[in-house]
Structures are given as C-alpha cells and as structure tokens.
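To convert, note that position 25 of the sequence shown is 255 in this note's numbering; the numbers rise steadily by one, no gaps.
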Amino acid sequence: MRKIVSTIFTATLFISSLSAFAQTSKQKAPYSFSNLPVIAKTSFKADTFNIIKFGAKNDGVTLNSKAINDA
Numbered sequence: 231m232r233k234i235v236s237t238i239f240t241a242t243l244f245i246s247s248l249s250a251f252a253q254t255s256k257q258k259a260p261y262s263f264s265n266l267p268v269i270a271k272t273s274f275k276a277d278t279f280n281i282i283k284f285g286a287k288n289d290g291v292t293l294n295s296k297a298i299n300d301a
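This is how it looks when you write it as structure tokens:
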C-alpha cells in the first residue's frame with residue numbers, strides 16, 4: 231500500500247512539474263539589435279549666454295545662481 235501511494239505521489243509531482251515547465255517557456259523578445267525602435271533626436275536652442283555679463287563671478291567661491299537664472 232505504501233509503495234502505491236509513493237508511486238502515485240511521484241507521478242503526480244512529475245506531471246505537475248511538466249505543466250509548470252511548459253508555462254515558463256521563453257517568449258521572443260519584441261526587439262533585437264537588428265530591429266531597435268527609432269528614438270527621436272533631441273534639439274536644443276542655439277543660445278549661448280555669458281553669465282559674467284549678468285553679474286557672475288569666476289572665483290570659484292561666489293554663488294552664481296542669480297546670475298545664471300537671470301541669463
């Protein structure tokens with residue numbers, strides 16, 4: 231009787247592990263190195279400001295936040 235219960239338990243465990251393995255199959259990735267999504271190129275205004283004209287000091291000690299914000 232014990233051998234029959236052990237066999238049934240082992241068979242049930244084996245069958246349930248097969249169904250779990252079938253559900254964890256790898257899915258194909260939507261992108262690959264040959265098929266990457268296109269990213270839009272960023273653009274920035276071509277403005278350049280000299281913050282010294284707005285009161286900034288280039289001594290490395292002075293806090294220039296106001297001059298940068300004013301620029």
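Even glycine gets a Cβ: it sits at the ideal position worked out from N, Cα and C.
Bridge partner(s) assigned by DSSP for residue i
i: residue 265; result: 262
Range covered by the alpha helix (DSSP H) that runs through residue i
i: residue 296; result: 295-300
Coarse secondary structure for residue i, derived from DSSP in three states
i: residue 242; result: helix
i: residue 274; result: coil
i: residue 283; result: helix
i: residue 237; result: helix
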